[in-house]
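To start, the structure under review is shown below, and the notes come after it.
Numbering (this note's numbering), first residue to last: 122 to 726.
Here it is in structure tokens:
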């Protein structure tokens, strides 16, 4: 099949059984050749045990069967003749419609290499080849992947090459009948493919907005003349966005020259239907303001594209070489995910895709998410990074009380650093990021690299701030820093759930999902899983009883009462809980007070 040291062939075995057939050819195996399937995928820090989807593993050399011994949950050993081609064949069950694993049905195929490709021990650094074979039952399918094509047909099926195993599994593959468009940003060709889009989908607008995001981020990292010389050349030679539009879903996973995205169909940009629009004097060439859902999608695109630099190349030193068989620990996700989360929305503003008011609304949401998480006082954001494998990706009813998100708090650490640097007037976080890129040569980084760059550019040590903000649990100086940047912090009454210290589901009545530490609901004795059925208001002789269907009903029926009885079902037992209704819980809203100072920050080049 190939002259590469390691070659894979993938074909559709059965669309309706959701099975891929994979053939692995090792040109020169070891006498006891070990192979293994990854247990996790970089960028998603949870051991997912992809080997659970592998079946019918067989091996042979020519016409001779080769014995396979399973060594552990994801590894096998072949007792074979050395230096004679060894062929392994197996099936992969693909029915996870996410960005992390693999999917196959009659409409679409998708996979990450970590879900399909056995790693050949001792040959990880040698060239790897992949042959994608067309399926006769789906003659109109096309292929999209970031792999380098060697010999492919017009639909994209055929042979691809990768320099090594890491590159092979870092290039997911999309197959099916999808929409496709392209643009150039920073001199780099970009392709965007969308699966599952409805007839109202406005592909031209998505391309135009994605192009603005990419250009803004290339300028951020490499300056206004990016690509004009080797020192400011973007690292990717091409880039591919793969977007799967579904009824309900959201997420993304970054790769070196591509990203896999999933979004809700209703959040895609839409074509205007004149027959359904009211009369308007708005010029037909003016783009309508993006919906909240589309703004969220643009933020996701911005986030994953920023990872092209920040985590895929500039990355934790612990990720210099991935160990695919087990957890790879680092305390730096607050930087790589958190700082990316800071810049994703900020660069939407700098790209002109949102205005100041919308940006501050997005920032307000991030601030409130952290302030409404009691776990911020329990766990540092560095600890949260290290514990991602067992806490962030394994959330339960107590997660908000025990941990903090390295995405959201990491973003606020970036905000505090940026505003502090701008206030002191020596440098900015933008300059720090670019200096880190150069210092680490777009490669492995340690926390000490960040500390050294901060001190070199600002003229002072930031050891105290890093210790308190990153390795401690003290409150961040958000209000003072925002005020110094011309942004007022307004405190407003919180929603009823936050006032009570609850997170609930309301699809079929009120079901308690989380009881937040220190809140009124915890004091009353609520527990996760409780069904809040009703309310008793007033004294015993004059009490009235009400059935609740939504949490907002509490305000309707409680009236001016400050003490009520909650009627709760727990494990089919009916209970009465005495609940005090608090008044002082507030939430933040950020508004621009000094437009000039805000503009200097938000519009920075």
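Note that the Cβ used here is the ideal one computed from N, Cα and C, for glycine as well.
Paired residues, beta bridge with residue 270 - DSSP: 281
Cβ neighbour criterion (16 or more within 10 Å) applied to residue 517: exposed
Residue 262 in three-state terms, based on DSSP: coil
Proximity winner among 174, 266, 285, 156, relative to residue 140 (alpha-carbon distances): 174
Rounded separation between residue 346 and residue 610 - CA only: 38 Å
Span of the alpha helix (DSSP H), counted from its first residue to its last, around residue 617: 617–621
Buried/exposed call for residue 257, threshold 16 Cβ in 10 Å: exposed
Residue closest to residue 334, alpha-carbon to alpha-carbon, out of 638, 384, 416, 409: 416
Reference residue 550, options 705, 217, 456, closest by Cα: 456
Whole-angstrom distance between residue 658 and residue 664, CA atom to CA atom: 5 Å
For residue 377 and residue 291, believed in contact at Cβ under 8 Å, the rounded distance: 5 Å
Contact belief for residue 693 with residue 631 at Cβ below 8 Å, rounded distance in angstroms: That belief does not hold up - the Cβ atoms of residue 693 and residue 631 are roughly 16 Å apart, past 8 Å.
Assigned secondary structure, residue 563 (DSSP; H/G/I helix, E/B strand, else coil): coil
Beta-carbon proximity check, residue 532 vs residue 337, cutoff 8 Å: no
Collapsed DSSP secondary structure at residue 151 in the structure displayed: coil
Buried or exposed by the 16-neighbour rule on C-beta atoms within 10 Å, applied to residue 123: A caution first: residue 123 carries a pLDDT of 47, below 50, which makes its placement in the model unreliable, though a value can still be read off. By the neighbour-count rule (16 or more Cβ atoms within 10 Å), residue 123 is buried.
Straight-line Cα distance separating residue 126 from residue 428: 30 Å
Sub-8 Å separation of residue 465 and residue 480 beta-carbons: no
Rounded separation between residue 724 and residue 606 - CA only: 13 Å
Residue 293 and residue 316 closer than 8 Å at C-beta: no
N-terminal and C-terminal residue of the alpha helix (DSSP H) that residue 463 is part of: 459–471
Among 608, 332, 276, the one whose alpha carbon lies nearest that of residue 739: Here the chain comprises residues numbered 122 to 726, so residue 739 is not present and cannot be evaluated.
Classification of residue 193 by the beta-carbon crowding that lies within 10 angstroms, buried from 16 upward: exposed
Span of the beta strand (DSSP E), counted from its first residue to its last, around residue 427: Premise fails: residue 427 lies in the alpha helix (DSSP H), 413–427, not in any beta strand (DSSP E).
Residue of 196, 253, 204 minimising C-alpha distance to residue 242: 196
C-beta contact flag for residue 158 and residue 234 at 8 Å: no
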